[in-house]
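Residue numbers (this note's numbering): 11 to 203.
Beta carbons are placed, not taken as given, at the ideal position from N, Cα and C, and that holds for glycine.
For reference, the structure is listed below as structure tokens.
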Amino acid sequence: MKTRLFLWILFLLSLALSVYAFFLKPQKFDYRTMAAEIVAQPGYKGTMADNFIQKGNHRISFDKASQRYTTLDGRPYTGIALYYNKLKKLKAMVEFSEGLPQGRAAVYYNNGKVKEVSFYAKGVKEGVYIRFNRYGQRVVEGFFRNGRMDGEWRLLFPDGSVRYKATYANGVLMEEWYGQFAGFASIPWDNEE
11 MKTRLFLWIL FLLSLALSVY AFFLKPQKFD YRTMAAEIVA QPGYKGTMAD
61 NFIQKGNHRI SFDKASQRYT TLDGRPYTGI ALYYNKLKKL KAMVEFSEGL
111 PQGRAAVYYN NGKVKEVSFY AKGVKEGVYI RFNRYGQRVV EGFFRNGRMD
161 GEWRLLFPDG SVRYKATYAN GVLMEEWYGQ FAGFASIPWD NEE
């Protein structure tokens, strides 16, 4: 009798855990509907690590009319959005404020390592951009201003040495440098065309 009761309790516990896991598991990102699980506290401010609080399975979507990301009840979303791939691994993490990307955005490889990091201001890329290879080594460094490439951009070898440099002004390529092995060859661009 005790064994049967023990097995029955074990069965009910496992059933309760599976129901709990089903309803609280992360939802994967759907690129067609631009929906993702959101995990944040309302009025989120600061770094992601400081304010990372799970608030259940909520979803956000892109509202074409307002050009903002909104919650299901139509309010502009503020917080962190987590996007998952088909394998249920974290694909991207984006900070939002008033329905627009604001702050840090990170994209991840399937192995969990960071693929790229960029920053947004009012929905537009602004600031440092860094891309990594699958092993965590920097391969591209650059800067965005008002959503356009600006300043010096560098393509790096895995050892960190410069493979290629380019200078941009407001999204326009101004000059390139190739310097794989010895010195640099500079090619200025005439952008008057």
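Check for me: the beta strand (DSSP E) holding residue i runs from which residue to which?
{"i": "Phe129", "result": "124–131"}
{"i": "Ser107", "result": "100–107"}
{"i": "Phe167", "result": "Where Phe167 is concerned, there is no enclosing beta strand (DSSP E), given that its DSSP letter is neither H nor E."}
{"i": "Gln147", "result": "Run containing Gln147: none; DSSP gives neither H nor E here."}
{"i": "Glu186", "result": "182–188"}
{"i": "Gly89", "result": "89–94"}
Mind reading off the beta-carbon distance from residue i to residue j? Whole number of angstroms is fine, and I expect it under 8 angstroms.
{"i": "Phe154", "j": "Lys135", "result": "4 angstroms"}
{"i": "Gly109", "j": "Tyr79", "result": "5 angstroms"}
{"i": "Ala102", "j": "Val117", "result": "5 angstroms"}
{"i": "Asp160", "j": "Tyr178", "result": "5 angstroms"}
{"i": "Gly181", "j": "Arg164", "result": "17 angstroms between Cβ atoms; not a contact."}
{"i": "Leu166", "j": "Val138", "result": "Going by Cβ atoms, the distance from Leu166 to Val138 rounds to 14 angstroms, so no, they are not a contact pair."}
For residue i, tell me which candidate among the options has the shortest Cα-Cα distance.
{"i": "Ser128", "options": "Asn120, Ile140, Tyr118", "result": "Ile140"}
{"i": "Thr81", "options": "Arg114, Phe106, Ala115, Lys96", "result": "Phe106"}
{"i": "Val104", "options": "Lys98, Thr88, Asn121", "result": "Thr88"}
{"i": "Asn95", "options": "Asn121, Gln147, Asp83, Pro111", "result": "Asn121"}
{"i": "Tyr130", "options": "Asn143, Gly113, Tyr119", "result": "Gly113"}
{"i": "Arg85", "options": "Ala91, Ser76, Val172", "result": "Ser76"}
{"i": "Asp83", "options": "Ala91, Ser71, Ile90", "result": "Ser71"}
{"i": "Lys132", "options": "Met184, Glu162, Ala115", "result": "Ala115"}
{"i": "Pro111", "options": "Asn143, Ala91, Gly170, Lys99", "result": "Ala91"}
{"i": "Pro168", "options": "Tyr119, Asp73, Glu151, Leu183", "result": "Glu151"}
{"i": "Gly170", "options": "Glu162, Phe142, Glu186", "result": "Phe142"}
{"i": "Gln147", "options": "Val172, Arg69, Leu183", "result": "Val172"}
For residue i, list the residues DSSP reports as bridge partners.
{"i": "Tyr79", "result": "Phe72"}
{"i": "Arg155", "result": "Arg158"}
{"i": "Arg114", "result": "Phe129"}
{"i": "Gly84", "result": "None, per the DSSP bridge assignment."}
{"i": "Tyr119", "result": "Tyr119 is not bridged to any residue."}
Is there a Cβ of chain C sitting closer than 8 angstroms to that of residue i, yes or no?
{"i": "Lys98", "result": "As a matter of chain content, chain C is missing from the structure shown, which is built from one protein chain."}
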